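Counting in the numbering used here, the sequence shown tops out at residue 155, every number present.
Beneath this line is the structure, given in structure tokens, with notes to follow.
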Amino acid sequence: MTGGKQLEVFMPGCTGEDGRDWEKRLAADSRKLALQLSARHAGDETRLGFEETLELVGKFTDTRSYRYNLGRFYCIEVNGRLFKQLGHQGSLKFKRLLCRREYNFGSDVIVASLPLPSVRALISLSAADGHETLSRAVGELDATA
């Protein structure tokens, strides 16, 4: 499903309620990389210790790029779920990441696109259960507002 009309979709909450899930993932990934680098150079006379390696990894990590790629992979995961629900490829495509958290304005928001046929299929799925799932989701949002 390529081409044709696309609906712009905003996906808030992809980085968790507090907008910091990416920081937790980045910290875990940085620790893994530092451990791998330390282990790889264990026999070297000039090798750095784990803490020094971790500090260097942090110094040279592009956090904006990390969040961007995390958003891209999130869309790939959601698209896979759409495939299971719709019976065909949903074709959800990552477009950009709104980094609202940088301005103390809530969590990051993924902006993606979805083809009109997929949007129609999702609306039909929602209608099949009387929009119960959608109503519940909106109610939960209202309760937190």
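C-beta: ideal position from N, C-alpha, C; glycine also.
Computed from a prediction, not measured in an experiment: that's the story for all the values here.
Residue i, enclosing beta strand (DSSP E) - first and last residue
| i | result |
| --- | --- |
| Arg-41 | Taken as a continuous stretch (DSSP letters only), Arg-41 belongs to no beta strand (DSSP E), being part of the alpha helix (DSSP H) at 31-50. |
| Leu-124 | 119-125 |
Straight-line gap, residue i to residue j (C-alpha atoms, nearest Å)
| i | j | result |
| --- | --- | --- |
| Arg-82 | Val-129 | 20 Å |
| Ala-131 | Glu-87 | 18 Å |
| Ala-122 | Ser-136 | 20 Å |
| Met-11 | Arg-91 | Low per-residue confidence applies at Met-11: pLDDT is 44, beneath 50, and the placement is therefore not dependable enough to give any value. |
| Gly-140 | Gly-68 | 49 Å |
| Ala-155 | Ser-101 | With a pLDDT of only 48 at Ala-155, under the threshold of 50, the placement of this residue in the model should not be trusted, and no figure is reported. |
| Glu-55 | Phe-93 | 52 Å |
Local Cβ density within 10 Å of residue i, reported as buried at 16 or more and exposed below that
| i | result |
| --- | --- |
| Leu-45 | exposed |
| Leu-64 | buried |
| Ser-75 | exposed |
| Asp-118 | buried |
| Leu-80 | buried |
| Ser-145 | exposed |
| Leu-124 | buried |
| Phe-60 | exposed |
| Leu-126 | exposed |
| Leu-17 | exposed |
| Asp-28 | With a pLDDT of only 49 at Asp-28, under 50, the local geometry of the prediction cannot be trusted, and no value is derived from it. |
Inter-residue CB distance, residue i and residue j (contact presumed, cutoff 8 Å)
| i | j | result |
| --- | --- | --- |
| Ala-133 | Met-21 | The sequence shown places Ile at residue 133, rather than the Ala named in the question. The Cβ separation is near 17 Å, so there is no contact. |
| Cys-109 | Arg-77 | 7 Å |
Nearest residue (CA-CA) to residue i, options the options
| i | options | result |
| --- | --- | --- |
| Leu-36 | Asp-54, Gly-97 and Phe-70 | Phe-70 |
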